[in-house]
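Plus 529 on top of the position in the first sequence (first one is 1) and you've got the working numbering. Below is one structure, written out as structure tokens; comments come after it.
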Amino acid sequence: MNVRQLLDERLGEAFGRVTKEWAPALVSPASRPEYGDYQANGAMAVAKRLKTNPRKLAEDVVGASDLTGIVAETEIAGPGFINLTLSQEFLKGTLARAQLVTPAAKPERIVIDYSSPNLAKSLHVGHLRSTVIGDATARTLELLGHTLYRQNHIGDWGTPFGMLVAYLEGQDQSSNDLGDFDHFYALASERFENDPAFAETARKFVVDLQSGKEAALTQWKQFIELSSSHMQRIYDQLNISLNPDHTRGESAYNNDLAQVVTDLDQAGLLSLSDGAKCVFLKEFTGKEGKPLPMLVQKSDGGYLYHTTDLAALRYRHKVLNADRILYFTDGRQNLHFRMLFAVAHASEFVPKSTKLEHHPFGKLLDSTGRPFRSRDGSTIPLAQLVEQAHERARAVVRSKSSNLDEIEFDEVVHAIAIGAIKYADLSKNRLNDYTFDWDSMLAFEGNTAPYLQYAFARIQSLFARGNFDPESYRKDITLENQNERELAVQICRFQETLELVGREAMPHHLCAYLYELTSRFMRFYETCPVLDAPEKDRESRLALCVHTAKTLETGLDCLGIATLTRM
RNA sequence: GCGCCUGUAGCUCAACGGGAUAGAGUAUCGGCCUUCUAAGCCGAGGGUUGAAGGUUCGAGUCCUUCCAGGCGCGCCA
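In structure tokens form, the structure reads like this:
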């Protein structure tokens, strides 16, 4: 249940009754514990508009509101804040519900375009943020009951593929498992540079490919399969929910590109400028105030990524019937997407009712503030990043854990390594540049994935020691002390947090929530004995543990981070 | 030149349609393990929110100007 929304609606109605007009209650979590659980800030703004006393208005609103069974205590504070404290019954009732997450009343069909690497090269750190943030958003929206269409818009077409296919052809097929994918790419481009005959063959491949020659296509497909399996291995390691079904690359739109240009022309949007076909929209200007074109066809007849993106957008509207389309790319593509959306609407390829959202994110920096790269300046493959995380995690787990057999040890190392990489990224507001720092990420102290995993493991340990089956455990909760109560309140805020993340495509809110949940649990755990408590307390506290564990597990699952029963 | 993004504690980051005394983690210092995992808990210090104006009962958040950094602006994606 979305508690914040419930309060906002109830108080909003009261505001309406009192002021005889629409006025938002502006309910948010209380900024300080002494102000209760939630606060409504709407009175001051409305009072000013109506030229009346805000404290008096706040009192009238509280008097006119129906908060029975929800709020135990209200208080008017300061210039007109309404502070709300949830009632014991409400907290108990909310926790007693079998359903942890309430699905959306109006589920949407949501397309989410993320990861989208170019298959000419292996996945590298440049793909990390889009992949990890997009995936967490997708999982969250899916949990909220929406229908998700993950779209991995991979780069699988164009000049580099001629080179790679040509190189692949010259190789002994049996030795080409592409285990060292980047090495393969490097060899191919080196040969392309230094071997004119090879370069000629490669160019011929591109021509053959684009004219649809059967043999070239077969070899191209073979290469794409090879490269895709490399990509899938990385996704699997990182626990990314993308699979081959979600792949719909640039090549999928080849046959529609000419039609896109024709349709733009029919819509009266197409101009010819320096031999290239493009769309001018008056809201976009470039240097010296000149109109800024969006090029859709080069003077040599070739198409551009704008064209492909328009075709993809049309597919997502016409075929997938999307209500909402999200893109996760770095901020540099901001202008591209603004133009893309504007042209899509102007051409009526996509109706205005379809929400088009670009969700940009900042760069990956190293601790000196420079772009995150390896020592020699080259980009870091994700495979290498993952391996390094495992190495570091192995050292820490070895030093901290005992009593883990070999299989468990590997499992713990893997969950911690992957969790650390993803959580470090997900826990930050994506708009900012992000400083990638192994040491703080794998220190495993404070606000990190292992902290959450550790809390979960502690709870599981309680269940194991007490021989409880958390799945079937249903007992009433009584909130006797402050730490129990604060834990319960936080659990009840899960729904509103998920909805916030889904609305804004900002998973860091979920991380902040889970961290707060975990620290409240840790305080509870330190101060409230569970297994050794008297029968009544024991049942209630175990029930609190069950809810905490379930919430943690579900939340971490949204982030694509594994939980552990021991560590 | 025009446009977009960013600037918060030593460091890494929060602050959700403007809200109460700007919060965490880390680092530093001091406490807490014969009792459910110390990867933990409790406490202390640490700030002119890049600068200056303005709007407002109230500004890290909105407006203006400036400073600093990053990115983008026709045939790559």
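From the three backbone atoms N, C-alpha and C, an ideal C-beta is built for every residue, glycine too. All values reported here derive from a predicted model rather than from experimental measurement.
For my contact list, residue i and residue j are in at a C-beta cut-off of 8 angstroms; report their separation, rounded to the angstrom.
{"i": "P632", "j": "G684", "result": "With 8 angstroms as the limit, P632 and G684 do not qualify as a contact, their Cβ atoms being about 35 angstroms apart."}
{"i": "L885", "j": "D642", "result": "With a Cβ gap of about 11 angstroms, L885 and D642 do not count as contacting."}
{"i": "Q1019", "j": "R1049", "result": "5 angstroms"}
{"i": "T1080", "j": "L535", "result": "Not a contact, Cβ separation roughly 18 angstroms."}
{"i": "H1097", "j": "A841", "result": "Coverage of the chain is limited to positions 530 through 1096, which leaves residue 1097 absent and any answer about it impossible."}
{"i": "L1073", "j": "D962", "result": "No, L1073 and D962 are not in contact; Cβ-Cβ is about 39 angstroms, not under 8 angstroms."}
{"i": "I662", "j": "F890", "result": "6 angstroms"}
{"i": "A587", "j": "G609", "result": "5 angstroms"}
{"i": "L1008", "j": "L620", "result": "6 angstroms"}
{"i": "L810", "j": "A875", "result": "6 angstroms"}
{"i": "L824", "j": "H835", "result": "6 angstroms"}
{"i": "L1039", "j": "T669", "result": "7 angstroms"}
{"i": "V941", "j": "F973", "result": "In fact, because the Cβ distance is near 12 angstroms, the residues do not count as touching under 8 angstroms."}
Going by the beta-carbon positions, is the gap between residue i and residue j smaller than 9 angstroms?
{"i": "V575", "j": "T603", "result": "no"}
{"i": "A805", "j": "L839", "result": "no"}
{"i": "D852", "j": "T897", "result": "no"}
{"i": "S651", "j": "L911", "result": "yes"}
{"i": "D792", "j": "F878", "result": "yes"}
{"i": "R679", "j": "L771", "result": "yes"}
{"i": "A554", "j": "D566", "result": "no"}
{"i": "I947", "j": "L767", "result": "yes"}
{"i": "K1004", "j": "L1060", "result": "no"}
{"i": "T1083", "j": "N1010", "result": "no"}
{"i": "A601", "j": "T581", "result": "no"}
{"i": "L960", "j": "G860", "result": "yes"}
{"i": "N783", "j": "W686", "result": "yes"}
{"i": "S644", "j": "H653", "result": "no"}
{"i": "F866", "j": "T858", "result": "yes"}
{"i": "S718", "j": "L648", "result": "no"}
{"i": "A606", "j": "V590", "result": "no"}
Helix or strand or just coil, what does DSSP make of residue i?
{"i": "H835", "result": "helix"}
{"i": "D642", "result": "strand"}
{"i": "C1074", "result": "helix"}
{"i": "T977", "result": "coil"}
{"i": "E877", "result": "coil"}
{"i": "S704", "result": "At S704 the pLDDT is 48, less than 50, meaning the model places this residue with poor confidence; the figure from the coordinates comes in the next sentence. Helix, per DSSP."}
{"i": "H1115", "result": "Limits of the chain in this structure are 530 at one end and 1096 at the other, which puts residue 1115 out of reach."}
{"i": "C1040", "result": "helix"}
{"i": "I1020", "result": "helix"}
{"i": "R902", "result": "coil"}
{"i": "V915", "result": "helix"}
{"i": "T1080", "result": "helix"}
{"i": "E1009", "result": "coil"}
{"i": "E550", "result": "coil"}
{"i": "T597", "result": "coil"}
{"i": "G815", "result": "coil"}
{"i": "D589", "result": "helix"}
{"i": "T1026", "result": "helix"}
{"i": "L755", "result": "helix"}
{"i": "F713", "result": "helix"}
{"i": "P820", "result": "strand"}
{"i": "L849", "result": "coil"}
Residues in the same chain with beta-carbon distance under 6 angstroms from residue i, minus the five sequence neighbours each way, listed in chain order, please.
{"i": "M970", "result": "A949 and A953"}
{"i": "L1088", "result": "A665 and L955"}
{"i": "I945", "result": "A922 and P979"}
{"i": "Y1042", "result": "T1026"}
{"i": "R1095", "result": "A986"}
{"i": "S828", "result": "G804 and A805"}
To which residues does DSSP link residue i through a beta bridge?
{"i": "F610", "result": "A606"}
{"i": "I854", "result": "V640 and L885"}
{"i": "G684", "result": "N647"}
{"i": "Y1105", "result": "Summary: the structure shown does not reach residue 1105, with the chain confined to residues 530 through 1096, and so no result is reported for it."}
{"i": "K806", "result": "L801 and Q826"}
{"i": "S557", "result": "Q568"}
{"i": "Y678", "result": "V640"}
{"i": "P910", "result": "H653"}
{"i": "D859", "result": "F890"}
{"i": "T730", "result": "Its beta-bridge partners do not exist; DSSP assigns none."}
{"i": "L615", "result": "V600"}
Note down, in chain order, each residue of its chain lying with its Cβ closer than 8 angstroms to the Cβ of residue i, except the 5 sequence neighbours on either side.
{"i": "S704", "result": "Any reading at S704 must be qualified, since the residue scores a pLDDT of 48, below 50, and its modelled position is unreliable; the value itself is stated next. Cβ within range, chain order: n/a, list empty."}
Go through its chain and collect everything with a Cβ distance to residue i's Cβ below 7 angstroms, but skip five positions before and after it.
{"i": "P636", "result": "G674, H675 and T676"}
{"i": "P999", "result": "F992, V1075 and A1078"}
{"i": "W749", "result": "F690, V694 and L738"}
{"i": "F727", "result": "A695, R720 and F721"}
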